[in-house]
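Contents: one structure, followed by commentary.
Number of protein chains: 2
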Amino acid sequence: MRLSRYFLPVLKETPAEAQIVSHRYMLRAGMIKQQAAGIYSWLPLGYKVLRRIEQIVHEEQQRAGHIPLLMPTLQPADLWRESGRYDDYGEEMLRITDRHERDMLYGPTNEEMITDIFRSHVESYKQLPMTLYHIQWKFRDEVRPRFGVMRGREFLMKDGYNFDLTYEDAMHAYNRHMVSYLRTYERMGLQAIPMRADSGPIGGDDTHEFLVLASTGESEVFYDSAITDLKFGDRVVNYDDRAECAAIVKEWTTPYARTDETHDVALFHDIPVERQKTSRGIEVGQIFYFGTKYSEPMGATVVTADGSRVPVHMGSHGIGVSRLLGAIIEASHDDKGIIWPEGVTPFHCGIVNLKQGNGDTDAACDAIYAALKAKGLDPLYDDTDERAGAKFATQDLIGLPWRITVGPRGLANGKVELTSRRTGESEEMSAEAAIARVAEIYATI
Amino acid sequence: MRLSRYFLPVLKETPAEAQIVSHRYMLRAGMIKQQAAGIYSWLPLGYKVLRRIEQIVHEEQQRAGHIPLLMPTLQPADLWRESGRYDDYGEEMLRITDRHERDMLYGPTNEEMITDIFRSHVESYKQLPMTLYHIQWKFRDEVRPRFGVMRGREFLMKDGYNFDLTYEDAMHAYNRHMVSYLRTYERMGLQAIPMRADSGPIGGDDTHEFLVLASTGESEVFYDSAITDLKFGDRVVNYDDRAECAAIVKEWTTPYARTDETHDVALFHDIPVERQKTSRGIEVGQIFYFGTKYSEPMGATVVTADGSRVPVHMGSHGIGVSRLLGAIIEASHDDKGIIWPEGVTPFHCGIVNLKQGNGDTDAACDAIYAALKAKGLDPLYDDTDERAGAKFATQDLIGLPWRITVGPRGLANGKVELTSRRTGESEEMSAEAAIARVAEIYATI
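Residue numbers (the numbering used here), protein chains in the order written: chain P, 28 to 472; chain C, 28 to 472.
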């Protein structure tokens, strides 16, 4: 993309309403615009990151064998009356009456609807196991929406639901989700720690939250520092292999890690004192096993091998897709702006032309731009008339991990500059070498 | 995808509520499930087609230089009070009150919000021309939703908005949209004819609808048969070239083509009588130029070269993404089921194992499946225990354009069968030849 043809409305001033750094930088980098309390437009740069995150979630869900579908945003109230949650859910549920006076609601989650789909179409235990998921906009009418997309009212969530014949099968689904989530977050450059949690309005016995450590997190967390040394890396997982998934879950759940809701002081003090850590954490996902809580009242049953009919064991599993943008920025920024991890960056590489209108720098930038695109990369070429200082400030603010700077003096020696946003280090090299280096970096992402 | 691990709930019976063929087949092929009047879940097969259509729309919009963003589904009523449409829009607008008693609505379209984004962030004529678009769920509270996704209440639409300095610039944006739409629909296997139309509640002077000819269409259309001979084909268009875009628009708007709303009997009778055609048509898109209708009341202005401040010229341009599934099926089916055009098919190729459990056919199917995937294709392998007849019926119903059939008798002679869903013709060949043929077909799509 050429910046002169893009819509990137960066702000010079820090907006007064933003209390935390991710909200400030998302506004200043022209990623979002508030349209009402807790309701945002995703401007082009923000939308691009949202799509990259969504794409990683889709890939990892499908790698684990989960099947995508899409449920609507609006739901009939009657489904929620069947589960008993219509009255329980409280004021966070946005209730709507249509022109025929039918009670509807904007879905805050989808346990009821997915159970309805299941009971309408699945009859036999032979169709199990099955995990269905979607990525769809949700609404929770928070009384005080704040922190930008971190606690918005309209938000994008991946929610998945497993249907299994037995408790043991459902626990494998639970483990499979934990494993796939570990990989999902790591691809986004995040360390998200699974912590034993409370189930809240979803219900159920087994549940883990995934928390990203950040000083602005909403929860206090307590953990054994051993857990932050764990890396998922590029291990190849057979998601059908119960023992393999269970072993990975054990690896990540053995070190102590809990939120204030489930914190156990005695257990915590069993950890060697130098490994006892407390911090704050941002919740970016949660997995639940809740057995037959929905399948029983709603009649989601299957016929078993012996001809009897039993309710299925279920769980639900969420990733806060839009909230992840805020969490990633909270975890990865400096005082100049955002530092995107390569896995989610909106553009792979910036190109800064220090002397727009100079025949040599223009030609060199055009060639670098074309070469990066030919390698399947997505560069942002700042071809505007701004001064060099302003161009660098924009690049630092929007946080592309790599920048190629092209100026007349360097070009005279056959050199451009390749700069890492994270370290700030620059290196002079030929344009060809810079292109090859950037391509090499993204080849492994 | 292996069918044994997929969720494809095909129905044997024709559901009573479905009046038109696309609705019947979408229900029978397990593509959608109604959750409330005019509100659907997109089951896995339907979701896949929806995503393919969305992807084509994104690609063609971006090819034309249009910039994607994403506006929320809910909007504050105040924005619509500024344009004067809050009271005008009538009962089709779903009005919502949140917990703080603020008036909200579920967006039926986005002229007001995009104008708000523009006026908040754009100051100078130098930032023009600009076209922003999104693909987002909309809601129109139709009094009698019917025909499945063809006239739903919650529906997915691409809506784009151009901002230009002058009338002439805006007319180029209009033409650019028409050209990009012609290409978009053709990639989906559709012939969508631009017809002069009425502007309705969007307002404006210039507008064309795109209609797909089908006996179940909601509009009566009148056209010169010369227009159905036009093909966009694989021409390379420079979307910045005004003359080139204008010439393509002229090519498609010179032959007479109008809906009953704008039909001119005298002009129609000037066409040679053998070319005078009437039919019914399904609207799948519409483009509008409406000048300063929104920019003036809402203060969306730019500073020009001479320092004066002028309201921008705007237009809006929609493609009915979810409705397109219905339109494509209406235009492409037979009495056995859907016939997907290659551009939008949910899976590229079916693989039918005539004797599941037989070592030879299983191994051959596994190898074909792996080979197709290695070529970047997305096959659906029917590895279930169903009888051959039932497998063929499912394949015909869900309408994949190509099928490779593997049976023990053919295999003994080193042959499989490649069948075209459209023609019904089968050809015996080696597995390698069938794989190569399928790959070759999709290489040009």
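The beta carbon of each residue, even a glycine, is placed where N, CA and C say it ideally should be.
Since we're looking at a predicted model, the values are computed, not measured.
| Roughly how many angstroms separate the alpha carbons of GLU119 of chain P and ASP233 of chain P, rounded to a whole number? | 24 angstroms
| request: Could you list the residues in the segment 83 to 100 of chain P with a C-beta less than 7 angstroms from some C-beta on chain C, going in chain order? | output: GLY92, ILE94, PRO95, LEU96, LEU97, MET98, PRO99 and THR100
| query | Any contact of the segment 189 to 205 of chain C with the segment 312 to 320 of chain C, i.e. 3+ C-beta pairs under 8 angstroms? | reply | yes
| query | Do GLY134 of chain P and MET53 of chain P have their C-beta atoms within less than 8 angstroms of each other? | reply | In this structure, GLY134 of chain P sits away from MET53 of chain P, with a CB-CB distance that is not shorter than 8 angstroms.
| message | Considering just the uninterrupted stretch of the alpha helix (DSSP H) at PHE419 of chain C, what are its terminal residues? | response | 415 to 425
| query | Enumerated in chain order, which unbroken segments of the beta strand (DSSP E) with a length of 3 residues or greater are wholly contained in the segment 209 to 283 of chain P? | reply | 219 to 223, 233 to 240 and 246 to 251
| field | Classification of GLU375 of chain P by the beta-carbon crowding that lies within 10 angstroms, buried from 16 upward | value | At residue 375 of chain P the sequence reads His, which differs from the Glu that was named. With 16 or more other Cβ atoms from the protein chains shown falling within 10 Å of its own Cβ, HIS375 of chain P counts as buried.
| message | Using 8 angstroms as the cut-off, can you tell me whether the segment 48 to 64 of chain P makes contact with the segment 30 to 41 of chain C, which would need three or more C-beta pairs spanning the two stretches below that distance? | response | no
| Host beta strand (DSSP E) of PRO338 of chain C (start-end) | 336 to 338
| said: Could you check whether GLY345 of chain P and LYS1 of chain P sit closer than 8 angstroms to each other, using their CB atoms as the reference points? | reply: Any question about residue 1 of chain P goes unanswered here, given that chain P covers just 28 to 472.
| request: Taking only the alpha-carbon atoms, compute the straight-line gap between MET28 of chain P and THR331 of chain C and give it to the nearest angstrom. | output: 25 angstroms
| query | Excluding five sequence neighbours on each side, which residues of the same chain lie with their C-beta closer than 6 angstroms to the C-beta of MET177 of chain C? | reply | ARG350 and GLY353
| field | Endpoints, the beta strand (DSSP E) within which LEU132 of chain P is located | value | 130 to 133
| message | Excluding the 5 residues flanking VAL206 of chain C on each side, which residues of the same chain have their C-beta closer than 8 angstroms to its C-beta? | response | ALA91, VAL264, TYR266, CYS272, ILE275 and VAL276
| Once you ignore the five residues that flank ILE298 of chain C on each side, which residues in its own chain have a CB closer than 6 angstroms to its CB? | If we look at ILE298 of chain C and ignore the five residues flanking it on each side, its Cβ neighbours are ASP251 and TYR283.
| For GLN163 of chain P and PRO373 of chain P, the rounded distance between their alpha carbons | Cα to Cα, the separation comes out at about 21 angstroms.
| said: Which same chain residues end up closer than 7 angstroms to ALA200 of chain P when comparing Cβ atoms and leaving out the 5 residues on each side of it in sequence? | reply: Taking C-beta separations shorter than 7 angstroms and ignoring five residues to either side along the sequence, the partners of ALA200 of chain P in its chain run PRO156, THR158, ASN189, ASP191 and GLY342, following chain order.
| field | Boundaries (first-last residue) of the alpha helix (DSSP H) holding TYR52 of chain C | value | Segment 48 to 55, the alpha helix (DSSP H) holding TYR52 of chain C.
| query | Taking only beta-carbon atoms, is HIS148 of chain C less than 8 angstroms away from chain P? | reply | yes
| message | So the candidates are C:TRP429, C:LYS382 and C:ARG430; which of them puts its Cα closest to the Cα of LEU438 of chain C? | response | C:LYS382
| query | Residue ranges of each alpha helix (DSSP H) run of no fewer than 4 residues wholly in the segment 133 to 182 of chain P, ordered along the chain? | reply | Here the runs fully enclosed are 138 to 148.
| Mind checking if LEU505 of chain C is an interface residue toward chain P, Cβ cutoff 8 angstroms exclusive? | There is no way to answer for residue 505 of chain C, as the model of chain C reaches only from 28 to 472.
| If we ignore side chains and look at the alpha-carbon of each, how far apart do LEU217 of chain C and CYS392 of chain P end up? | 40 angstroms
| field | Contacts around ALA358 of chain C, its chain only, beta-carbon distance under 7 angstroms, and the 5 residues preceding and following it disregarded | value | LEU217, VAL239 and ALA241
| query | When the Cα of GLY179 of chain P is compared with those of P:TRP69, P:THR421 and P:VAL329, which residue comes out closest? | reply | Taking the Cα of GLY179 of chain P as reference, the smallest distance to any Cα among P:TRP69, P:THR421 and P:VAL329 is reached at P:TRP69.
| task | Starting from PRO103 of chain C, find everything on chain P with Cβ-Cβ shorter than 7 angstroms and list it in chain order. | result | GLN62 and ALA63
| Residues that DSSP places opposite LYS185 of chain C in a beta bridge | According to DSSP, LYS185 of chain C bridges with C:ILE162 and C:ILE346.
| request: Taking VAL37 of chain C as part of the beta strand (DSSP E), name the residues at either end of that continuous run. | output: It is not in any beta strand (DSSP E) - VAL37 of chain C carries neither H nor E in the DSSP assignment.
| request: Label ASN528 of chain C either buried or exposed according to how many other C-beta atoms from any shown protein chain fall within 10 Å of its C-beta, with 16 as the threshold for buried. | output: Missing from the structure shown is residue 528 of chain C; chain C here goes from 28 to 472 and no further.
| field | Where VAL149 of chain P falls, given that 16 or more other Cβ within 10 Å makes a residue buried | value | By the neighbour-count rule (16 or more Cβ atoms within 10 Å), VAL149 of chain P is buried.
| If contact means a Cβ-Cβ distance below 8 angstroms, which residues of the segment 181 to 199 of chain P contact chain C? | GLU181
| query | Any idea if GLN82 of chain P is buried or exposed, counting beta-carbon neighbours within 10 angstroms, 16 or more meaning buried? | reply | Counting Cβ neighbours within 10 Å, GLN82 of chain P comes out exposed, since fewer than 16 surround it.
| said: Just verifying my parser: in three-state terms, what is the DSSP assignment at PHE295 of chain P? | reply: Helix at PHE295 of chain P.
| task | Check THR388 of chain P in the structure and name its three-state DSSP category. | result | Judged by DSSP in its simplified three-state form, THR388 of chain P adopts helix.
| Between TRP69 of chain C and chain P, is there a C-beta pair that is closer than 8 angstroms? | yes
| said: Tell me the DSSP secondary structure of MET341 of chain P in three-state form. | reply: strand
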